[in-house]
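First comes the structure, then the notes that go with it.
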Amino acid sequence: MPSNIWVLAETWRGQVTETTLELLTLGRELGGKLEVVLLGNKSLAASLVGADNVLCAENVAPTPEAVAAALTQLVKERQPQAVLVPWTNLSMDAGALAAAQLNAPFIGGCKDIKADAGTLVAQCVVYGGKLEAAVAATTTPALFGVLPGARAASSGNAPAVTDVTVTLPEAKVKFTKYLEPEAGDVDITQQNVLVAVGRGIQTKDNMELANDLAAALGGAVCGSRPVIDQGWLPLSRQVGKSGMQVKPKLYVMLGISGAPEHVEGIKGAQLIVAVNTDAAAPVFNVAHYGIVGDALEIAPALTDAVKAKK
Amino acid sequence: MNILVLLKMVPDVVEELEVAGDGKSLDASFLRTIINERDDHALEQAILLKERHGGKVTVVALDAPDIDDTFFTAIAKGADRAVKITDAPEGLTTQSAARLCAEAIAGLLPADLILTGVQALDDLDGLSAALIAQQLNFPYVGVVTAVSAGGPTATVLKEFAGGVRGEFAVTLPAVLGVQAAEKPPRYVPIAKVRAVMKTSKIETVSAPGEAAAAQIDVRQLAKPVVSSHAEMLDGSPEEVAGKLVELLAQRGLL
Amino acid sequence: MSESAVLTEPSQCELTLDNLLESAEGQKVLTCMQCGTCAGTCPYGDVTEYPPRRIIGMLKAGELDTVLRSGSLLNCVACYACMAKCPRGIQLTEVLLPLVKERTFAQLPEVPAELQKALQNTLRYGNPMGESPRKRADWVKTAGVPIRILHQDPRPTDVLWFVECYTSYHPRGQDNSRATAKLLHALGIDFAILGNEEKCATECARLVGEAGLFDTLMDYNMKVFGKYQFKRILTSGAHAYDAFKYRYGSIGFDYPLEHTTPFFAQYHKQLKPKLMKKLDCTITYHDSCCLGRHNDFYDEPRLLLQAIPGVKLVEMEHNRVNSICCGGGGGGMWLDTYYKAKGYERLSERRVKEALATGADVLAVSCPYEVSRFEDAIKTVGGGSKMIVRDVVELLAESLEA
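Chains E, D and R are the protein sequences, given in the same order.
Residue 264 in the working numbering sits at position 264 of the first sequence, and the numbers go up by one each step.
Residue 195 in the working numbering sits at position 195 of the second sequence, and the numbers go up by one each step.
Residue 340 in the working numbering sits at position 340 of the third sequence, and the numbers go up by one each step.
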């Protein structure tokens, strides 16, 4: 029996996200009929290229409870083998709740999924990227939380659309509004050069070293989550899963370990240089050039060398 | 306010993680565990809410090595009660552990809020907060970075991408998966923890019922196979800086 | 194999602010004559609302709460300047101030983040940097001379060398350790280290007010000492030296104790003929707080430096008992951001300016914190100066023939 693979579409600012399209490419590889659950504006169905069919329900509130309820109902009715859910802040909680309601596993952090004699086996990033686990789902349906960047965005024809109705429970979670971050002085998504700092920068004072390097290179400073949590940089400078996606020509990483949550934000960076004291840090698997050393020593040396060259 | 916080211990990734001989699990000989960072934030958020609104914070956790220190530290920070769930079977996955904890938590109700980290770095088959919410039939929001309460609903901020946050009104009682507390987890002097160890007791409850069978099969655990690795530059900081600057100049990036 | 430092019961009844005034030390505190020498000599005296004199006054008046709430105690870098000059000999830095700091801590709404991290790391990983305990002895691989690690080879040894944290993990600290190892080897001294069984002596955390953390690590370290046989303990850490000398006795520490600098000075006669390489430089020596003011080791480092051929010694304006702290002790190492936010001058910068004024080529030190603090300061206020910072042992090792 050909398996049915579903993708839970996510939309942001009135558009289907790129991650959704990446999941379509992956879903197609897993064989069988590829359908998308679109809980939003029907007009977006056309952009879900590469899918065979879209199950569309409008007027589903953007809350985990409504999305999960809708997804759960549809899965129970139609029994796909698997549902691919974007492993993003936007969708992971809804996916997790639906899985709980279906008493199904929700295998998260997937960078790849393969079909092995009818069983779906995911390659999952665990322990902050230090290890990977090959995890097979032993029951169906199974839900998979797939990391952005697992595949290229899908291409192809616009799919057929099926209207579906879902009965939603009385809402105990109500979405009120979006809160935009304070307008930063710099839009890091538009910068050609970024110097990113992580825990390895150690203290707020040492941010100066990053500022100097950024100034010398003609770029701006950004940071991974821990640096923003400490208040050393504003939210507008955060790169990663909860922050911005950046596509600079040059991305210099100082004292960042390379955990998946940050790496997600730099898929589009053209040249990545990483400095870390730990030769085994996952960051060296994503960087193009690596330096094992103390960012606090390398950064000033680099600043001097850049100034001398210019 | 009556708040329950579920904590768990996870492998400490400061250490090198080694895979055991079976190729599927962690080598326990050098393994050290640490409180799940997101749970630490959940605890901090709970204590902040207690400081604002009064009430009690109860911390709950499955028995694990070093869990007692974690309990005492939580009490020293401001938690009122600690409940350890004992006699749980070995080898629980996130899903089976969460469901077991949900049963135990049911025995500790009523509560206004149940807080736990939105995820843990050893999760393989689910998110604890969602599982607990579903089992207790409570509303749920994940990736939470702020909570204000004071009435039958709580106002909760969920973090999206690009620094954007969404505001939700959640009817209590509810389960929240915390991404970050409104302030970084506080420090508590060790002397205070040692004093707490002398005066406080950790309650125990037996793990209820049987654990559900796992719905996943871990076939392999391994270091990532890297399709690419950075080209490494060696030498003193000055030498390395020089080499890098040449590379950048060649690519017209200077 | 590294054991966790498990939180255990307090070792015994420690002095606290509540029972201080009844104790012998407390009686001494009461003899304070309010002369103000402490405030006058404190390097941060101009920005400290409650110098020791005022603290004692408030303590006597039962108004210590005001002091605690001011957070003023966080300015103290535990440099022993006040204690060294106090005409009554009150144990200010050693006893009174840590007790008051401990209380300040308990009241702080927020502990400065880097300090918090350093303390949490010390408890968890046995070092303030948060490095893996299993990597504590990695530097041994590049030491260039054989170094015995006791848990691998537990035979009795003459010297147990307690390396300490910065000297194990920090690249410049590792330079210090390699130099020390070379010197020990050159002198034919039988020594061994604890390797990754060693954990921080935690004296700086104690000075900043974390007595509970200190006790926990002290209990652990004493248990480890108890496993092995050795005649004496040698340490590269000036603060560790203080911990062992003044605090560990309370739970039975009675091993003969040395710090590397005065230790090597004892071997001056054997060492001097081996110092073959001429260094040809002018050196100014910075007296560290622990070795100098607290323990009176002023002559020993100078003796060693002068044993090196081609060395000319010059003194800074403030030397010996008047030396200006690098700012690293007593938690200062992890409070730079906090001080900067308050607009204080970095003590290391103040000190480096004095060193630069001597025109020396080398600023010699004997405490591991000083190296990175002064090297940083030279970058900031050096104006491109080529002055380098070296520990006394590094200079000795450099002068050893091959």
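Beta carbons are placed, not taken as given, at the ideal position from N, Cα and C, and that holds for glycine.
Query                                                                                                                                                                        : Result
Run through the DSSP bridge pairs and tell me what residue 231 of chain D is partnered with.                                                                                 : E:289
Hey, residue 9 of chain E and residue 36 of chain E: beta-carbon distance below 8 Å or not?                                                                                  : yes
Just how far apart, CA to CA, sit residue 90 of chain R and residue 288 of chain R?                                                                                          : 20 Å
State the beta-bridge partners of residue 258 of chain R as determined by DSSP.                                                                                              : R:234
Cβ of residue 9 of chain D less than 8 Å from any chain R Cβ?                                                                                                                : no
Roughly how many angstroms lie between the CA atoms of residue 33 of chain D and residue 68 of chain D, to the nearest whole one?                                            : 12 Å
Using beta-carbon positions only, say whether residue 119 of chain D and residue 215 of chain D come within less than 8 Å of one another.                                    : no
Taking beta-carbon pairs under 9 Å, can you tell me which members of the segment 50-66 of chain E lie near chain D?                                                          : 62, 63, 64, 65
Using the Cβ count rule (16 or more neighbours within 10 Å means buried), how would you classify residue 174 of chain R?                                                     : buried
Say whether chain R places a C-beta atom closer than 8 Å to the C-beta of residue 120 of chain D.                                                                            : no
Compare the Cα-Cα distances from residue 167 of chain E to each of E:195, E:198, E:130, E:66 and report the closest residue.                                                 : E:66
What in chain D is Cβ-close to residue 244 of chain E, meaning under 8 Å?                                                                                                    : 161, 162, 163
Roughly how many whole angstroms lie between the Cα atoms of residue 70 of chain D and residue 231 of chain E?                                                               : 26 Å
Could you tell me whether the Cβ of residue 238 of chain E comes closer than 8 Å to any Cβ of chain R?                                                                       : no
To the nearest angstrom, report how far apart residue 1 of chain R and residue 84 of chain E are at their CA atoms.                                                          : With a pLDDT of 32 at residue 1 of chain R, under the threshold of 50, the predicted position of this residue should be treated as unreliable, though the coordinate-derived value follows. Answer to the nearest angstrom: the Cα atoms are 43 Å apart.
Out of R:23, R:392, R:56, R:332, point me to the one whose CA is closest to residue 38 of chain R's CA.                                                                      : R:56
Opposite residue 9 of chain D in the DSSP bridges: which residues?                                                                                                           : D:35
Leaving out five residues before and five after residue 161 of chain E in sequence, what residues of the same chain have Cβ atoms less than 7 Å from its Cβ?                 : 42, 45, 54, 56
If we cut at 8 Å on Cβ distances, does residue 1 of chain E have a partner in chain D?                                                                                       : Residue placement at residue 1 of chain E is flagged as unreliable, the pLDDT there being 46, under the threshold of 50; a coordinate-derived value is accordingly withheld.
Tell me where the alpha helix (DSSP H) around residue 369 of chain R begins and ends.                                                                                        : 368-381
Cβ of residue 203 of chain E less than 8 Å from any chain R Cβ?                                                                                                              : yes
Taking the Cβ atom as the reference point for each residue, do residue 343 of chain R and residue 320 of chain R lie within a distance shorter than 8 Å?                     : no
According to the Cβ coordinates, are residue 138 of chain D and residue 82 of chain D closer than 8 Å?                                                                       : no
Could you pull out every residue in the same chain whose Cβ sits closer than 8 Å to the Cβ of residue 301 of chain D, ignoring the five residues on either side in sequence? : In the structure as shown, chain D starts at 1 and stops at 254, and residue 301 of chain D therefore has no counterpart that could be examined.
Residue 113 of chain R CB to nearest chain D CB: under 8 Å?                                                                                                                  : yes
Does the segment 244-251 of chain E come within contact of the segment 266-278 of chain E, defined as at least 3 CB pairs closer than 8 Å?                                   : yes
Using beta carbons (cut-off 8 Å, strictly below), is residue 13 of chain R in contact with chain D?                                                                          : The predicted model places residue 13 of chain R with a pLDDT of 43, which falls under 50 and marks its position as unreliable; any figure quoted below should be read in that light. Cβ-Cβ to chain D under 8 Å: no for residue 13 of chain R.
Excluding the 5 residues flanking residue 315 of chain R on each side, which residues of the same chain have their C-beta closer than 8 Å to its C-beta?                     : 284, 285, 358
For chain R, find out if any of its Cβ atoms is closer than 8 Å to the Cβ of residue 294 of chain E; answer yes or no.                                                       : yes
What residues in the segment 177-194 of chain D bring their beta carbon closer than 8 Å to a beta carbon of chain R?                                                         : 183, 184, 186, 187, 189, 190, 191, 192, 193, 194
With burial defined as no fewer than 16 other Cβ atoms inside 10 Å of the residue's Cβ, what is the status of residue 211 of chain R: buried or exposed?                     : buried
Using a threshold of 7 Å, is the CB atom of residue 255 of chain R nearer than that to any non-hydrogen atom of the ligand GTP?                                              : Annotation note on the ligand GTP: not contained in the displayed structure, which lists no ligands.
Who are the neighbours of residue 167 of chain R on chain E, taking C-beta pairs under 7 Å?                                                                                  : Neighbours of residue 167 of chain R on chain E: none; closest Cβ ~16 Å, over 7 Å.
How many Å lie between residue 1 of chain D and residue 43 of chain D at the Cα?                                                                                             : 14 Å
Kindly indicate if chain R contains any beta-carbon less than 8 Å away from that of residue 18 of chain D.                                                                   : no
Can you find at least 3 beta carbon pairs, one from the segment 121-135 of chain D and one from the segment 198-207 of chain E, that sit closer than 8 Å?                    : no
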